[in-house]
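Here the protein sequences line up with chains X and S, keeping their order.
Basically our numbering = 1-based index in the first sequence + 171.
Basically our numbering = 1-based index in the second sequence + 1186.
The beta-carbon is built from N, C-alpha and C at its ideal position, and this holds for glycine as well.
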Amino acid sequence: MAIIATKGALDMAYPPLILASTAASLGWDVQVFFTFYGLQLLRKDLSGIAISPLANPAMPMPVPMPVMVSALPGMQAMATSMMKAKLKKKGVASLAELRSICLEADVKFIACQMTVDLFDFSKADFIDGIEYGGAATFLKFAGETDVCLFI
Amino acid sequence: MNFDKEFDASGLACPLPIVKTKKSLADMASGQVLKVVATDPGSVADMAAFAEQTGNPLLSSGQEGGKYVFFLKKG
């Protein structure tokens, strides 16, 4: 299975890591290509990954919240800490835990070299044990897979 | 049913019951039976899919004291 992970928000960080760890448990060969905001999932420090109630009308809120209120300072931090508390309470693994499970199970993580350069990231920002490459690197593997997802 | 090892996945949500079941099976011998207890309702369908995909037959799938109980035979 080949996955392209392009999003770096808390909610969108889960699907690639859940699918990759599960597929590896099923014995599948898995590679995940992290590009643009998806690169956030490879950083050593995942604490900056957040969720915003802004432009996110489907997000369940404890009380109905006008868009103007969602835009207030501090609302993103509040939504993020509420979401993290809920994930923990319901027994959902943390992003760091899922990422470790993937690495232990030999899921190959590839960071998009172009976006690493674009955002002036340093390899020191990212975890060890990953590879760096471009579209051709990913497509060479993706072309041989049965399942290929863009997330 | 007799079993050789038990894994309690109570309180864990998708994908942990499956991922950790896989880990529990890793050090077992072919033919041995693993009992898995879970509270995630999604694990009923997931465990059947896992068993089929990995060639570790699901001997039984049921409920016991409000929890889901599975018996997997290591393939």
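Candidates the options, of which the one nearest residue i by Cα
i, options, result
"X:ARG214", "X:ASP299, X:ALA242 and X:ALA307", "X:ASP299"
"X:PHE323", "X:ILE281, X:ALA313, X:ALA307 and X:VAL238", "Residue 323 of chain X cannot be examined here, being either before or after the span of chain X that is shown, 172 to 322."
"X:ARG270", "X:LEU190, X:ALA180 and X:LYS178", "X:LEU190"
"X:PHE205", "X:ASP296, X:MET230, X:ASP317 and X:GLN284", "X:GLN284"
"X:ILE222", "X:MET246, X:ALA267, X:ASP277 and X:LEU310", "X:MET246"
"X:LEU181", "X:GLY198, X:MET172 and X:GLN211", "X:GLN211"
"S:LEU1258", "S:GLY1217, S:GLY1228, S:ALA1195 and S:GLY1252", "S:GLY1217"
"X:LEU274", "X:VAL203, X:VAL234 and X:VAL318", "X:VAL203"
"X:THR316", "X:ALA194, X:MET254 and X:MET232", "X:ALA194"
"X:GLY209", "X:LYS178, X:ALA229 and X:VAL278", "X:LYS178"
"S:VAL1255", "S:LYS1209, S:SER1229, S:PRO1201 and S:LEU1202", "S:SER1229"
"X:THR308", "X:ASP288, X:SER192 and X:LYS279", "X:LYS279"
"X:SER218", "X:ALA229, X:LYS255, X:SER293 and X:ALA226", "X:LYS255"
"X:ALA250", "X:PRO231, X:ASP296 and X:GLY304", "X:PRO231"
"X:GLY304", "X:ASP291, X:ALA295 and X:THR286", "X:THR286"
"X:ALA184", "X:LYS260, X:ASP200, X:GLU268 and X:ALA229", "X:GLU268"
C-beta contact flag for residue i and residue j at 8 Å
i, j, result
"X:VAL263", "S:ALA1199", "yes"
"X:PRO186", "X:ILE322", "yes"
"S:LYS1253", "S:THR1225", "yes"
"X:MET236", "X:PRO224", "yes"
"S:ALA1237", "S:PRO1243", "yes"
"S:SER1196", "S:VAL1223", "yes"
"X:LEU258", "X:ILE220", "no"
"X:ALA173", "X:CYS319", "yes"
In DSSP terms, what residue i is bridged to
i, result
"X:CYS112", "Residue numbering for chain X in the displayed model covers 172 to 322; residue 112 of chain X lies beyond these limits and cannot be assessed."
"S:GLU1192", "S:LYS1221"
"S:TYR1254", "S:ALA1224 and S:GLN1249"
"S:CYS1200", "None, per the DSSP bridge assignment."
"X:ALA176", "X:PHE205"
"X:PHE321", "X:ILE175"
"X:ARG214", "X:PHE297"
"X:LEU310", "Paired residues: none, contrary to the question."
"S:LEU1244", "S:LEU1258"
Presumed contact (8 Å Cβ cut-off) between residue i and residue j, rounded CB distance
i, j, result
"S:LEU1221", "S:GLU1192", "Note that residue 1221 of chain S corresponds to Lys in the displayed sequence, not to Leu. The pair is a contact, with the Cβ atoms about 4 Å apart (cut-off 8 Å)."
"S:THR1240", "X:LEU197", "6 Å"
"S:LYS1260", "S:MET1214", "5 Å"
"X:ALA276", "X:SER192", "7 Å"
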